[in-house]
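Engineer: Going by the numbering used here, the first residue of the sequence shown is number 49, and it counts up by one from there.
Note that beta-carbon positions come from the ideal geometry of N, C-alpha and C, so glycine has one too.
Let me give you the structure first, and then I'll get to my questions.
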Amino acid sequence: MMPERIGATVLSGSRNVFTVRPDGGDRNVRCGLKGKVLKGHDDFYNALVPGDRVRIGVDSGEAEYGLIVGFEERKNVFSRFNQKGGAVQLIAANIDLVVCVTSGASPPFRPRFIDRILLQADIAEIPALVVRNKIDLERKGDGDLLDADERLEDFRRIGYRVMPVSSTTGEGIPELGELLRGKRSVLTGQSGVGKSSLVNALEPGTAVRTGDINKKYDRGNHTTTLASVIELSEETWIIDTPGIRRFVPTGIGAADLILYMREFAPLAGKCTYGLSCSHRHEPGCKIMEAVHAGAIHEDRYESFIRIFDNLAGKSHVD
Ligand code: GDP
């Protein structure tokens, strides 16, 4: 008998075994990958990621195992450069929203991590949202409120939405839930900002982790932690990205960076030295003038310089 061919969405996977959810189904199928399916898409650190659309061949509608036989072009892909692996690492595909969780209180506020996530969302043309969790702590005066306030206000100023919430008190959680409803969102943020607590606050007790969590796989001398899908409802998925400590953007060259940082872009090419300006010491540099005039936050400028060096391959630290 010819196997059935059905559409499915990837929930998780490593290099060659994937967990997929057939369209309209409510159970998962473990699939191998037929050779050549990813021809032209196989030069990444990893092959298929949560959100990828595939066609699978299964022996019957009830089968637990199948084979991925087809792959649909991605609408978008959220990725990063994996410095250890020396390759682009795909994180999730066909995403509606990138959610960057931060906390003005503990762990220490890291705005430059947010800069990198938002930049990657803009490169991938995926809408992004900053969630400021743990506002209950800030109220109590435990957090570095001033620093976080100023920088988060600047994110608003340049056009990003910043939502204050507390997964402990529930403040802002209904609004966040409303925003996520019906979307596939990637959840990012440094460890400890409260990503898991947020998921639990959004859907107490019912959040099902449908992928394999914290599945590690080896490739050479390093390991990585994979993204996994948390299903809040049939249409609402959160793709968790555990263990990303350092985020190096990918998909653009250093020279294009200025075009992808929102408040920098209108100044591209306007410096005295035009496009060859390094924005570090040249007279007539419009970027440095904007920093002095307060139109570009000096910490965003610091981010720009560091990301530029990452993209130019000059630096391995962020
Ligand atoms: P993750 O590493 O981003 O998944 O962070 P967790 O969800 O594990 O949270 C890290 C710590 O922060 C835990 O001790 C949580 O109880 C605490 N936490 C999370 N959200 C909040 C919040 O809104 N307010 C307070 N006060 N603590 C929180």
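What does the shell around the ligand GDP hold, if a residue joins when its beta-carbon is under 6 angstroms from any heavy atom?
Structural biologist: That query returns the following residues: Asn181, Lys182, Asp184, Leu185, Ser214, Ser215, Thr216, Gly237, Ser239, Gly240, Val241, Gly242, Lys243, Ser244 and Ser245.
Engineer: Just the C-alpha distance for alanine 95 and phenylalanine 161, rounded to the nearest angstrom, thanks.
Structural biologist: For alanine 95 and phenylalanine 161, the distance between alpha carbons rounds to 25 angstroms.
Engineer: Report the rounded CA-to-CA distance for alanine 196 versus methionine 211, giving the unit in angstroms.
Structural biologist: The straight-line gap from Cα to Cα measures roughly 13 angstroms.
Engineer: So, for arginine 53: in the same chain, excluding its five sequence neighbours on each side, which residues have a beta-carbon less than 6 angstroms away from its beta-carbon?
Structural biologist: Cβ neighbours of arginine 53 beyond the five flanking positions: Arg103 and Gly105.
Engineer: Quick check on lysine 334: buried or exposed, where buried means 16 or more other Cβ atoms within 10 Å of its Cβ?
Structural biologist: Burial call: buried.
Engineer: With a cut-off of 8 angstroms, do at least 3 Cβ pairs link the segment 293-310 to the segment 161-180?
Structural biologist: With a cut-off of 8 angstroms, the segment 161-180 and the segment 293-310 count as touching, because enough Cβ pairs lie within range.
Engineer: Can you give me the C-alpha to C-alpha distance between arginine 69 and histidine 345, rounded to a whole angstrom?
Structural biologist: Roughly 44 angstroms separates the two Cα atoms.
Engineer: Would you be able to state if there are at least three C-beta pairs under 8 angstroms between the segment 62-80 and the segment 136-145?
Structural biologist: The segment 136-145, when compared against the segment 62-80, does not touch it at the 8 angstroms Cβ threshold.
Engineer: Which residue's Cα is closest to the Cα of phenylalanine 356: Tyr321, Thr298 and Ala341?
Structural biologist: The residue with the shortest Cα to Cα distance from phenylalanine 356 is Thr298.
Engineer: If you run the structure through DSSP and keep just helix, strand and coil, what is glycine 133?
Structural biologist: Three-state result, glycine 133: coil.
Engineer: Which complete beta strand (DSSP E) runs does the segment 62-96 hold, if anything under 3 residues is left out?
Structural biologist: Listed in chain order, the complete beta strand (DSSP E) runs (minimum 3 residues) inside the segment 62-96 are 65-70 and 77-81.
Engineer: Please return the same chain residues whose Cβ sits closer than 6 angstroms to the Cβ of alanine 172, not counting the five positions on each side in sequence.
Structural biologist: If we look at alanine 172 and ignore the five residues flanking it on each side, its Cβ neighbours are Asn124 and Phe126.
Engineer: Within 10 Å of its beta-carbon, does glycine 208 have 16 or more other beta-carbons around it, so buried, or fewer, so exposed?
Structural biologist: Glycine is not the amino acid found at residue 208; the sequence shown has tyrosine there. Per the 10 Å Cβ criterion, buried.
Engineer: When the distance is taken between beta carbons, is valine 179 closer than 8 angstroms to cysteine 148?
Structural biologist: Cβ distance < 8 angstroms, so cysteine 148 and valine 179 count as in contact.
Engineer: Distance check for valine 85 and valine 117, CA to CA, integer angstroms please.
Structural biologist: Distance between the alpha carbons of valine 117 and valine 85 is about 6 angstroms.
Engineer: For the beta strand (DSSP E) that serine 276 lies in, which residues bound it at each end?
Structural biologist: Taken as a continuous stretch (DSSP letters only), the beta strand (DSSP E) holding serine 276 covers 276-279.
Engineer: Please report the straight-line C-alpha distance between glutamate 201 and aspartate 107, rounded to a whole angstrom.
Structural biologist: For glutamate 201 and aspartate 107, the distance between alpha carbons rounds to 55 angstroms.
Engineer: Return yes when the Cβ of proline 155 is within less than 8 angstroms of the Cβ of glycine 240, no when it is not.
Structural biologist: Yes, the Cβ-Cβ distance between glycine 240 and proline 155 is below 8 angstroms.
Engineer: By how many angstroms is the C-alpha of phenylalanine 203 removed from the C-alpha of aspartate 425?
Structural biologist: What is shown of the chain runs 49 to 366, which leaves residue 425 out entirely.
Engineer: Can you tell me whether histidine 327 is buried or exposed, with buried defined as 16 or more other CB within 10 angstroms of its CB?
Structural biologist: Under this definition histidine 327 is a buried residue.
Engineer: Where does phenylalanine 119 fall in DSSP's three states?
Structural biologist: It is a strand residue.
Engineer: Mind checking whether glycine 291 and threonine 150 have CB atoms under 8 angstroms apart?
Structural biologist: The answer is no: Cβ separation not under 8 angstroms.
Engineer: Quick check on serine 233: buried or exposed, where buried means 16 or more other Cβ atoms within 10 Å of its Cβ?
Structural biologist: So serine 233 ends up on the buried side.
Engineer: With distances taken from CA atoms, which of Phe119, Lys132 and Leu305 is nearest lysine 87?
Structural biologist: Taking only the C-alpha atoms, the option nearest lysine 87 is Phe119.
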